[in-house]
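Following: one structure in C-alpha cells, then a few remarks.
2 protein chains.
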Amino acid sequence: MTTRGGRDRRTRKRLLDAATRLFAERGLKYVTVRAICRAARANVAAVNYHFGDKMGLYREVLEDAASVVTKMTAEAIAAGEGLPAEERFRAYVRINCQHIFRAGPKNRLQQLMHRELQEPTEMLDTIIERVWKPRFEYLGGIVGELLGLPPDDDRVGRALLSVHAQIVMFKPSPVQLRMGRNVERIVDPADVAEHIIAFSLAGFEAYRAAAAVPAAAGRL
Amino acid sequence: MTTRGGRDRRTRKRLLDAATRLFAERGLKYVTVRAICRAARANVAAVNYHFGDKMGLYREVLEDAASVVTKMTAEAIAAGEGLPAEERFRAYVRINCQHIFRAGPKNRLQQLMHRELQEPTEMLDTIIERVWKPRFEYLGGIVGELLGLPPDDDRVGRALLSVHAQIVMFKPSPVQLRMGRNVERIVDPADVAEHIIAFSLAGFEAYRAAAAVPAAAGRL
DNA sequence: TTCTGATTCAAACAACTGTTTAATTCGTCT
DNA sequence: AGACGAATTAAACAGTTGTTTGAATCAGAA
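As they're listed, the protein sequences go chains A and B. Residue numbering for the first sequence follows my numbering, beginning at 1 and increasing consecutively. Residue numbering for the second sequence follows my numbering, beginning at 1001 and increasing consecutively.
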C-alpha cells in the first residue's frame, strides 16, 4: 500500500510541476493537455488517469498553490507581530514584493493567484476565500488604523485597492517592457517595495490630514 | 463604385460592432468566429470574406479602437492646456476615469487597450506605440514636474506606474466583487477619480519632501 | 431583360482540443 | 514462476475551432 508509489507518484508529481509552471505562465485556456504531458515526459492519457480530467489537474495545482501562498501570508503577518501599524505595513509590502518579484517557484504560485483574478475559472471562489480575503482583512485593519477610520469604511476600501494595485502592477509585464525606460532599474524588487511604501504612506497621511480638517473632506 | 455599399458595408459594420463588444468582454482567444457571426446575424464565412481571417478582423477592431482612444487622450491633454502641473494631473485622471468607468461603447474601446497589455497579441507593439507611449510621455512630464525631477528619472517611472496601476485596478473586476465590501460605493467613478488624485498627489509630495532632505533620500 | 460582379449561404474541410479505449508493461506479493 | 492490480502506451474518439468551397442570391449597368 504505502510502497505502491514507486512509479506511480513520480509521473503524478512531474505532471503537477509541469502544469504549475505552464498554467502560471500562460493560463488555463492557453495550456493544452498535450503540452503538459510533453513537458512532464508522460503520455497524453496521464492527466486523465491521475486527475480525472484537465480541470481536476488545475484544481489540484491551484489548491496546492493556495496552501503554500496562505502559509506565506501568515509569515508576512507574523513578521509584523507586536509592531505599530506603520511598521506592520512596511513588513507586509516588503515580504509580498519579495515573493512576487523574486524568480523561482514561489513566484509562480503567486502568479497563479493573481491570474485567477484576471481570468477567473470555477476555482475563483476558493482562491478568494483562502488567499485574498485573509490578506485584505489583515491589510484593511492596518490601513484603517493608519487612516484613523473603521476597517469597513469606503475610503479604507479604496486605499486598500490602491496598495494592491501597485503591488500587482510592478510585476514586470509587457507594459513596462517597451516604454522606453530602463525597466530593470525601475522594477528592482527592493526599490519597488520602498517606493510603494513611501507612496502609500503619503497617501494615507493625506487622508488623515483631510479628516482632521472636515471642511476639506468634500474635496477628497 | 461609391454606391456598391448597399448591402455590403452593412454586415461588415455589424461584424465590427459585434466583434468589438465580444473581444472587449472576453478577449481574442475566448471569442469564436461563430459567436461573432451569430451576434452580427451573419454567416460563418462572413468574417473570412470581409476580413480575410479572424486575426484580420481583430486587427481592424483594434486599429479603429486605437484611433478613437488616441483622440480621447488628445482631448484629455487639451483639457489641461495652459494649467499648472497639478491641475493638468487632475484633469488627466478625471477624464481617464470617466472613459474607463462609465458604461457604453467608449468604455469597451478602453478595455480593449488594457486587455492587449494583460493578454498580448501580435498587435501589442502597435497599441503601445499609438496609445500607451503618448499617454505615459505626457503623464511623465507632469509627474516629473510635480516631483521636481527629470521625466526620465527612475523615480518618475515608478510614480507613473503607481498612477496607472490605480486607474486600471478600480475598473470593477472579480477581485472587488466578493471582498465583502460594498463595491458599488467603493468604485463610484467620481469618488475613485478624486481618491486617485488625492492619494497620488500625496505620494508625489512625499518624494518632493524627501528630495528636499537628501539625508532621507536613501530610504526612498 | 440580361449580364456582371459582389455578397451570402449551407456544407464540408482540416487541424486541434480533451477524453476514452484496449492492449501492454511494470512492480509486488504469494 | 505465476498472478494480480496499478500504471503506461498508441490509437482512436467526439467535439470544437478557423477556414474553404461552390452554388445561390442580390444589386446595379448595359
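Ideal Cβ placement from N, Cα and C applies to all residues, glycine included. Computed from a prediction, not measured in an experiment: that's the story for all the values here.
Counting along the chain, Glu75(A) sits inside the alpha helix (DSSP H) bounded by residues 54 to 79. Any Cβ of chain B closer than 8 angstroms to the Cβ of Gly144(A) would place that residue at the interface, and such an atom is absent. Residue environment analysis places Met55(A) among the exposed positions, since fewer than 16 neighbouring C-beta atoms fall within 10 angstroms of its C-beta. By the rule that beta-carbons nearer than 8 angstroms mark a contact, Ile186(A) touches chain B. Look at the stretch 155 to 168 of chain A: the residues with a C-beta under 8 angstroms from a C-beta of chain B are Arg155, Gly157, Arg158, Ala159, Leu161, Ser162, His164, Ala165, Gln166, Val168. The Cβ atoms of Met1169(B) and Leu201(A) do not sit closer than 8 angstroms to each other. Non-local beta-carbon contacts of Arg208(A) in its own chain, meaning distances under 7 angstroms to residues more than five positions away in sequence, involve Leu147, Gly148 in chain order. One alpha carbon belongs to Ala91(A), the other to Ala79(A), and they sit about 7 angstroms apart. Among the CB atoms of chain A, one or more fall inside 8 angstroms of the CB of Leu1117(B).
Within the stretch 1127 to 1185 of chain B, no complete beta strand (DSSP E) segment of 3 residues or longer occurs. Straight across, the Cα-Cα distance linking Glu60(A) with Arg108(A) is about 15 angstroms. For Tyr1030(B), no alpha helix (DSSP H) encloses it, and the DSSP letter there is neither H nor E. Neighbours of Gly1203(B) in chain A, taken as residues whose beta carbon is under 8 angstroms from its own, are Ala198, Phe199, Ser200, Ala202, Gly203 in chain order.
Pro1189(B) places its beta carbon 8 angstroms or farther from that of Arg1135(B). Separation of the CB atoms of Ala46(A) and Leu15(A) is rounded to 6 angstroms, and the pair is thereby assigned contact status at 8 angstroms.
Relative to Ile1186(B), the option among Lys171(A), Arg185(A), Asp152(A), Glu145(A) whose CA is nearest is Asp152(A). Taking CB atoms only, Lys54(A) has no neighbour in chain B less than 8 angstroms away.
Interface annotation, Ser1173(B): in contact with chain A, CB-CB separation under 8 angstroms. In this structure Gln1110(B) does not touch Val1156(B) by the C-beta definition: roughly 24 angstroms separates them, more than the 8 angstroms allowed.
Leu83(A) counts as exposed, since fewer than 16 other C-beta atoms from the protein chains shown sit within 10 angstroms of its C-beta.
Leu112(A): member of the alpha helix (DSSP H) spanning 105 to 118, first to last residue.
For Phe204(A), the closest C-alpha among the options Glu86(A), Thr32(A), Thr126(A), Leu22(A) is that of Glu86(A). Of the residues assessed, Arg1038(B) falls on the exposed side of the cut-off, its CB having fewer than 16 other CB atoms within 10 angstroms. Around the CB of Thr1020(B), 16 or more other CB atoms lie within 10 Å, so the residue is classed as buried. Membership of Arg94(A) in the alpha helix (DSSP H) is indicated by the continuous run 85 to 101.
The CB of Ala1035(B) never comes closer than 7 angstroms to any CB in chain A; the least such distance is about 15 angstroms.
Within chain B, the residues Arg1158 have their CB atoms less than 8 angstroms from the CB of Val192(A), given in chain order. Around the Cβ of Thr1073(B), a 10 Å sphere holds 16 or more other Cβ atoms; the residue is buried. Closest by C-alpha distance to Pro1120(B), out of Arg1010(B), Phe1023(B), Ala1018(B), is Phe1023(B). In this structure, the alpha-carbon of Glu1122(B) lies about 26 angstroms from that of Asn1043(B).
Counting only Cβ-Cβ distances below 8 angstroms, Phe1170(B) has contacts in chain A at Arg158, Leu161, Ala165, in chain order.
Residues of chain B whose Cβ lies closer than 9 angstroms to the Cβ of Ala206(A) are, in chain order, Ala1198, Phe1199, Leu1201, Ala1202, Gly1203, Glu1205. Chain B places a beta carbon closer than 8 angstroms to that of Tyr30(A), counting this residue as a contact. For Gln98(A), same chain residues with a beta-carbon under 7 angstroms away, outside a window of 5 residues either side, are Pro189 in chain order. Taking 8 angstroms as the CB threshold, His1099(B) stays off the interface with chain A. In the DSSP assignment, Asn48(A) falls within the alpha helix (DSSP H) that extends over 46 to 51.
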